[in-house]
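Remarks on the structure that follows.
Residue numbers (the working numbering): 109 to 231.
Okay, here's the thing in structure tokens:
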């Protein structure tokens, strides 16, 4: 991150990256559960996951509106076992956002729990 970016902008980009990851996880789980032969009530689990995906999609669209308002563009996103990275332009200035796994793993699970309609144990 550069000194020209505000904490709010950095947090917004980090939230966006986390939401993309949550969406990817939920989509993968939905696909797996829809084909699982041993579930007795798969429709219930699929409904919960679909509801979580809808919440994440809404939040992503709200962040994209904020990106447009703040002149933020994400140009490239990469990930591996160690974390997420994004190249971005904020008001025309290039920057890289690094989000190490150690920084977001616990928060990610809390967010996922909330998006699925559960209570966050940390709140």
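Glycine residues also receive a C-beta, built at the ideal position from the N, C-alpha and C atoms.
Selected residue, minimal CA-CA separation from residue i, among the options
i: residue 122; options: 191, 225, 138; result: 191
i: residue 193; options: 202, 201, 207; result: 207
i: residue 223; options: 162, 189, 173, 214; result: 162
i: residue 131; options: 148, 158, 211, 176; result: 158
i: residue 156; options: 175, 138, 185; result: 138
i: residue 160; options: 201, 135, 145; result: 135
Own chain residues within Cβ distance below 7 Å of residue i, not counting five before or after
i: residue 226; result: none
Close beta carbons around residue i, own chain, < 8 Å, minus the five adjacent residues each side
i: residue 117; result: 178, 180, 198
i: residue 215; result: 126
i: residue 147; result: 141, 153
Contact set for residue i: own chain, Cβ-Cβ below 6 Å, skip 5 residues either direction
i: residue 183; result: 195
i: residue 110; result: The predicted position of residue 110 is uncertain, since its pLDDT is 47 and thus under 50; a value taken from the coordinates is nonetheless stated next. Same-chain partners within the cutoff: 203.
i: residue 185; result: 194
Whether residue i touches residue j by CB criterion (7 Å)
i: residue 141; j: residue 124; result: no
i: residue 126; j: residue 217; result: no
Cβ separation of residue i and residue j, assumed to be a contact under 8 Å, to the nearest whole Å
i: residue 120; j: residue 173; result: Residue 120 to residue 173, Cβ: 11 Å. No contact.
- Whole beta strand (DSSP E) runs in the stretch 153-225 with 3 or more residues, listed along the chain? 180-188, 191-198, 201-208
- Message: To test your reading of the DSSP string, which unbroken beta strand (DSSP E) runs of 3 or more residues are found completely within the stretch 109-155?
- Response: none
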